[in-house]
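In the UniProt record's numbering, the protein residues as written are 1 to 91. Worksheet: the structure to be examined is printed underneath.
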Amino acid sequence: ITSSYFTIITSIYDSLHYFLTVVKPPKECCFSFYPRPIPVTAITEYKEMSHHCTRAGVVFTTKKGHRVCMDPSFWWVKRAMDIIDRRAVES
């Protein structure tokens with residue numbers, strides 16, 4: 001029993017070590033979304049969440065420093081991202 005117990009513990013440790021060192025979980029994900037449009041003039045930048053997150057998400061950062069999770073499937077979120085991208089190219 002002691003030998004098999006040690007083998008199980010070693011196996012769990014090895015799996016956990018592999019997961020934490022090789023399969024790095026995302027540091028930030030959106031789990032809920034702000035439901036209303038934010039004026040594009042109030043947004044300074046955006047960041048798309050990792051594809052490892054369970055849900056696709058975009059974080060808008062406002063001029064006041066607020067970070068807001070948005071659903072990238074909404075047309076107005078896509079439009080805001082396009083405008084912000086154009087703003088970055090023009091400046």
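Just so it is clear, CB atoms sit at the ideal spot from N, CA and C, and this is done for glycine as well.
If I'm right that residue i touches residue j with Cβ under 8 Å, what's the distance once you round it to whole angstroms?
| i | j | result |
| --- | --- | --- |
| residue 38 | residue 62 | 7 Å |
| residue 84 | residue 45 | 7 Å |
Which of the three DSSP states, helix, strand or coil, is assigned to residue i?
| i | result |
| --- | --- |
| residue 45 | strand |
| residue 86 | helix |
| residue 95 | Examination of residue 95 is not possible in this model, given that the chain is present from 1 through 91 alone. |
| residue 55 | coil |
Rounded to a whole number of angstroms, what is the C-alpha to C-alpha distance between residue i and residue j?
| i | j | result |
| --- | --- | --- |
| residue 76 | residue 91 | 23 Å |
| residue 69 | residue 35 | 9 Å |
| residue 81 | residue 51 | 17 Å |
Whose C-beta lies closer than 7 Å to the C-beta of residue i among residues of the same chain, with five residues either side of it excluded?
| i | result |
| --- | --- |
| residue 32 | 69 |
Within the same chain, show all residues whose beta-carbon is closer than 6 Å to that of residue i, passing over the 5 residues directly before and after it, in chain order.
| i | result |
| --- | --- |
| residue 49 | 29, 30 and 57 |
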